[in-house]
Structure formats: C-alpha cells, structure tokens
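This report concerns only the one structure given below.
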Amino acid sequence: MNPTSEFQGKNVFVAGGSSGINLGIAKAFAAAGANVAIASRSQERVDGAVAELKAISAKLGTQVHGYSADVRNAESIAAALAQAHGAMGDFDVLVSGAAGNFVAPALGMSANGFRTVVDIDLNGSFNVMRNAHQYMVRPGGSLISISAPQAMNPTMLQAHVCAAKAGVDMLIRVLAMEWGPDGLRVNSIIPGPIDGTEGIRRLAPTPEARAMMISSVPLGRMGTLDDVAELALFLGSSKSKYVTGAIIPVDGGSSLGGGRNLGLALPANA
Ligand code: HXC
Ligand code: NAP
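In short: position in the sequence shown from 1, add 9, done, that's the working numbering.
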C-alpha cells in the first residue's frame, strides 16, 4: 500500500463483488488501504472472494466483510448494506456492478429471460444506489456504476443487456443531478472487453470470437482487471472531485467505432 493513499481507513461497498471486474475493483481498494465489503447471491462465491480479499487486508490491518444478497430484491440488498454500514460506518465509495448476460436473439428470449437481465442490471442498480444513499459520506461520497458498451452500441443478441445498461447510464445521470447538492458524485464506467472474465467467456467463447473482438480494439488487446480498477480508484478519489454524471469508457478505444473504419481500404494507386 502507498503510505500516502487517501483510501486508508475509507469504506468501500461493492455490489456484485464476488468475481471478475468487480472483485478486481474490490481488491484494488483493499490494496490501497480501504475497508471493503462485498455482496452477491452465492454465499460460496462470497466466501471465496472474502478469503482473497483477506489475503490483502491481513497485511494492512483493514476490514473485509461479505454478504449474500440478491440485488433484484430490494430488501435483500438493503439488509446487506445495513449490515456493512453497521460493521464499517459510512461508505466513501459504493460500486454497483452486479449483472447477468446470455447470448440470444430477442425472439429466443422469453419474457422472463428479458426481465431477468433487466431486473439484475437496471432494477438492481436502482436498489443498490437507492438504499446506499443514506449511508454515504456527505459531502464527498462517490457512487460508481459498472455499465457496458451495450449501453451505447445497439448489439444483436444483446437486446436485454442493451436495454438494461442504457437504463443504468441514464439512471446514474439523474442521480448525479439529484444527489449533487448532497455532495455526492455518481459516475459510470464502461469497460471494454476485459480478459479472463465471465463476460468474455460468454460473449467470446472461441479463439475466432476472441480474435474478432480484439480486432475491434484500436489499442489491439483486451483490457485487464487492473485497467478497470485504476479508473474506479480515480473515480473514488478526490482527484475526480469535480467529475459527476460522467460515463467513462475504459476500452482501448473500442467504442470509437471498432477501429476498423468500416473496413475501408485505400485504392492500390493511392
Ligand atoms: C435464452 C435464457 C438463456 C439463454 C437463461 N435464459 N439463459 N434464455 N438463452 N442462453 C432464460 C431462462 O430460460 C429463464 O427464462 C430466464 O432466462 C432466467 O433464467 P434463470 O437461470 O432461472 O435465472 P437466474 O438463475 O436468475 O440467472 C440469471 C442469468 C445467469 C442472467 C440467466 O446467467 C446468471 O446468473 N448470470 C450472472 C453472471 C453473468 O451473467 N456474468 C456476465 C456478466 S457480463 P424462462 O422463461 O425459461 O423461465 C456483462 C457484459 C459483458 O454483463 C460485456 C462484454 C463486452
Ligand atoms: P461476473 O464475474 O459474472 O460478475 C458479476 C457479479 O455479479 C458476480 O459476482 C455475481 O455473483 C454477481 N451477481 C449476478 N447477479 C446478481 C444478483 N442478482 N445479485 C447480486 N449479485 C449478482 O462478470 P464480469 O464479466 O466480471 O462483469 C462484471 C461487470 O462488468 C458487470 O456489470 C458487467 O456488465 C460489466 N462488464 C463486463 C465486461 C467484460 O468484458 N467482462 C465488459 C463490459 C462490462 P453471484 O453469482 O454470486 O451473484
């Protein structure tokens, strides 16, 4: 830990923090000296993530807490937030990153399939942020949503995720307006394809699909967990004290149009 880290003694709650990008963010805050609480559905996955986080916090004497909670159920996530608040005190940073995804055409989704993803991603984000508001440090608290490129780019086989994540990014902008006078900031991170994650296992399960995905990234590689965590640390810190309502990609430029420029090629004599 950097001895001058501003996160020493700060409190961070990560909803959906038991794996992947969200766990990477929780680990980064823990390594920076923060007390960290995570919540997700599976007690087993929460326990595994807590063990990984404790390997970091044990050296620093900081706290780690884990709760089984479903963001679709307002009472469930409210109870986890209340328990974490009881254990740590007010939250300096709240990360809302729980999400679900599967690859299917709209006609291949039942009403329940569509609703399930909207319920986790969009209604879940509302439940997390709405119930966390009362526990945030004011002024200065930072709420961060983990969105996805589908919020901006209509993507076939992702009707549910596109609709849900577009809603998430509109939600955070409204909350930034409503809660700004309380001294709270609300921002959204849009990760590009992040290697080694469940999202990539689902969306790019073959070498061909991976190569296609990488070809859409101007920087020529998938992102890492650290790439996303660095942005979360910035948004959670006072360095971003005048940033709110922002939707920030960390995607190697893939949101710029794939870097492929419509596949145009110069004529041979150019
Ligand atoms: C069509 C499907 C389906 C599929 C599930 N369903 N998979 N429909 N095609 N491949 C339907 C089911 O049939 C059911 O509808 C409904 O969805 C709910 O399914 P359940 O399995 O009962 O739901 P649940 O147990 O709540 O699980 C939710 C889940 C699951 C989203 C389906 O995959 C999950 O728990 N995911 C969490 C982890 C995850 O997805 N991580 C990746 C995030 S990546 P019926 O009508 O049969 O009842 C991401 C962006 C990545 O978000 C961007 C990369 C660039
Ligand atoms: P992941 O490992 O599957 O992370 C999702 C987390 O959410 C898990 O910890 C899961 O744990 C939890 N979760 C799911 N449903 C929940 C619910 N109903 N209530 C509470 N927790 C729930 O996936 P990931 O790929 O790292 O994605 C993490 C975030 O990044 C998501 O918001 C995703 O949309 C976004 N994202 C990912 C990528 C990528 O390249 N992977 C790109 C863009 C955006 P449980 O199963 O225990 O509930």
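Positions of the beta carbon are idealized from the N, C-alpha and C atoms, including for glycine.
query, result
"So, using beta-carbon positions, are Gly205 and Ser263 closer together than 8 Å?", "no"
"Is Gly57 helix, strand or coil when you go by DSSP?", "helix"
"Is Ser49 close to ligand 2? I mean its beta-carbon at under 7 Å from any heavy atom of the ligand.", "yes"
"Going by DSSP, name the residue or residues bridged to Ala48.", "Ala24, Tyr76"
"What span of residues does the beta strand (DSSP E) with Ser197 cover, start to end?", "194–200"
"Looking only at its own chain, which residues have a Cβ that is under 8 Å from the Cβ of Ala83, when we skip the five neighbours before and after it?", "Asn136, Arg139, Asn140"
"If we count the other Cβ atoms within 10 Å of its Cβ and call it buried at 16 or more, is Tyr144 buried or exposed?", "buried"
"Any chance the CB of Leu117 is under 7 Å from a heavy atom of ligand 1?", "First, the amino acid is wrong: residue 117 is Gly here, not Leu. Yes, Cβ of Gly117 sits closer than 7 Å to a heavy atom of ligand 1."
"For the segment 95–174, which segments carrying the beta strand (DSSP E) assignment without a break, of at least 3 residues, lie completely within its bounds, in sequence order?", "102–105, 151–155"
"Mind the definition here: the segment 41–59 touches the segment 155–172 only if three or more C-beta pairs lie below 8 Å; say whether that holds.", "no"
"In chain order, what residues of the same chain lie with their CB nearer than 8 Å to the CB of Ile86, ignoring the 5 residues before and after it?", "Ala24, Ala48, Ala78, Asp79, Val80, Gly133, Asn136, Val137, Asn140"
"Which residues share a DSSP beta bridge with Ile256?", "Ser197"
"What's the call for Tyr251, buried or exposed, on a 16-neighbour Cβ count within 10 Å?", "exposed"
"For the alpha helix (DSSP H) containing Lys36, list its first residue and its last residue.", "29–40"
"By how many angstroms is the C-alpha of Leu131 removed from the C-alpha of Ile203?", "21 Å"
"Between Ala83 and ligand 2, is there a pair consisting of the residue's CB and a ligand heavy atom that are separated by less than 7 Å?", "no"
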